[in-house]
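Taking it in order: structure first as structure tokens, then the write-up.
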Amino acid sequence: MCNVELYNPAPSVSNILDRVGVIIPTYNAAKHWTLLRHSLDHQAVRPSQVVIIDSSSSDETASLAQEAGYTVVTIRKQDFGHGATRQYACGYLPKSDFLVFMTQDAILAGPGSIELLCESFLNPAIGAVYGRQLPREDADPIERHGRLFNYPAHSQVRDLESRHGLGFRTAFFSNSFSAYRRTALEEVGGFPRDAIVSEEVTVIARMLIAGWKIAYKAEAQVIHSHHLGLAQEFSRYFDIGVHHGRTPWLLQEFGTANGNGLRYVKSEFQFLMRNAPLWLPYAALRSISKLTAHRLGIYSRLLPNFLSRALSAHPNYWDSEATASVSGVVPAARSKLAASKPS
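The numbering used here puts the sequence shown at residues 7 to 349.
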């Protein structure tokens, strides 16, 4: 999956890589560990630059990470939050000017993946960058199409003006393989601690409003995809809807996700017609399920708490006072963010 010889970065990027920190939240990651460590150990980063923030795994994840020489931070499983945990982990890399985030099942596709990702920061206007995710070898057709649609083969740089053509897609981003300029992340308040999911979308939207540019680096690649059953997909889209319902400013600034959703369904239909027509009925059922879940999530404030908890993939969220707050930029702060636009 990745070459065994170490990658030697170009001199112009090596200074950036010396100031990179890698953060990986984990929970029972032992089954991914051999591939994950192998791919990390052949990047141009040292073990001391890697922080594993583990949610009290019941397997040997923590001991394997310590054996690899990585910094291991253990938190209680019930204390994990997509935004809060990542923000907490940043404190363990105080000297890192560039913060790379991965998930435990994202396997770097080559020894230069992190270097290729971070070379985007040679442009001082780039606040954050995310890489391309490739489907697993045994990915099903729906899973494979999702990666092809969301992570195309061409790179891109977006700014706030891009929303006029791309709409909500302008703020699309993924922390499964991404990197942030620390100064940009701090300028917009870091990761929201009350986000149920999509913490990265909130941050990216704030950065765009503040004048930063966002890069998609197709040459920087990881192997990362999931097969989700109908129930798992429903819970995922319910939580996305919850996030959208609690960040109305996001939809006001960038538009709804409906247009991109329709393009996705059309693209998926065409892909399956060509490659796997027997999957079309299941894909149609999934699309209806996702739309229903998203709408329920948007209006989750009208649902009883026990029902939201049952529908969500993150039931602990509904035990928190965070459900009463709104993640994101207070409208009055918009002009203040825009005033700090980088050159």
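Note that the Cβ used here is the ideal one computed from N, Cα and C, for glycine as well.
Beta carbon of residue i nearer than 8 Å to that of residue j
| i | j | result |
| --- | --- | --- |
| L166 | L105 | no |
| V228 | A50 | no |
| G58 | Y76 | Note on identity: in this sequence residue 58 is Ile, with Gly being the wrong assignment. Result yes, Cβ atoms of I58 and Y76 sit closer than 8 Å. |
| S45 | L114 | yes |
| D245 | I202 | yes |
| H38 | Q110 | yes |
| A226 | R138 | yes |
| H300 | G247 | yes |
| A177 | I132 | no |
| F277 | H151 | yes |
| R25 | S102 | yes |
Neighbourhood of residue i by C-beta, 8 Å cutoff - its chain only, sequence neighbours within 5 removed
| i | result |
| --- | --- |
| G251 | G303, I304, Y305, S306 and R307 |
| G195 | R212 |
| R420 | This structure does not reach residue 420, given that the chain is present from 7 up to 349, and the question cannot be answered. |
| S241 | A299, L317, S318 and A319 |
| F86 | P31, Y33, S61 and N322 |
| I81 | I59, D60, S61, S62, T91 and Y94 |
Simplified DSSP assignment, three categories, for residue i
| i | result |
| --- | --- |
| P254 | helix |
| L140 | strand |
| K223 | strand |
| P31 | strand |
| I304 | helix |
| S20 | helix |
| V271 | helix |
| Q49 | coil |
| T77 | strand |
| E327 | Residue placement at E327 is poorly supported in this model, since its pLDDT is 43, which falls under 50; the coordinates are not used for a value here. |
| I215 | helix |
| R43 | helix |
| I229 | strand |
| F86 | coil |
| A316 | helix |
| R25 | coil |
| D245 | helix |
Proximal residues to residue i (C-beta, below 7 Å), its chain only, five neighbours per side dropped
| i | result |
| --- | --- |
| A74 | R43 and P53 |
| L257 | H250 |
| R315 | P321 and W324 |
| P141 | E149, R150, R153 and S231 |
Residues of its chain near residue i, where Cβ-Cβ distance is below 6 Å and the 5 sequence neighbours each way are ignored
| i | result |
| --- | --- |
| E125 | V19 |
| A282 | P147 |
Inter-residue CB distance, residue i and residue j (contact presumed, cutoff 8 Å)
| i | j | result |
| --- | --- | --- |
| A221 | V135 | 4 Å |
| S63 | A35 | 7 Å |
| G171 | G261 | At roughly 11 Å, the Cβ-Cβ gap does not stay under 8 Å, so G171 and G261 are not in contact. |
| V207 | F183 | Actually they are not in contact, since the Cβ atoms of V207 and F183 sit about 15 Å apart, beyond 8 Å. |
| F107 | N156 | That belief does not hold up - the Cβ atoms of F107 and N156 are roughly 17 Å apart, past 8 Å. |
| G27 | L99 | 3 Å |
Residue-chain proximity (residue i, chain C), Cβ-Cβ < 8 Å
| i | result |
| --- | --- |
| S54 | Checking the listed chains, one finds no chain C in this structure; it contains a single protein chain. |
Any non-hydrogen atom of the ligand MN closer than 7 Å to residue i Cβ
| i | result |
| --- | --- |
| A159 | Questions concerning the ligand MN fall outside what the structure shown contains, since it holds no ligand whatsoever. |
Quiz item: What alpha helix (DSSP H) runs, 4 residues minimum, are completely inside the region 176 to 217?
Solution: 188 to 193 and 205 to 216
Self-check item: Unbroken stretches of the alpha helix (DSSP H), 4 residues or longer, contained in the region 88 to 153
Solution: 88 to 96 and 119 to 124
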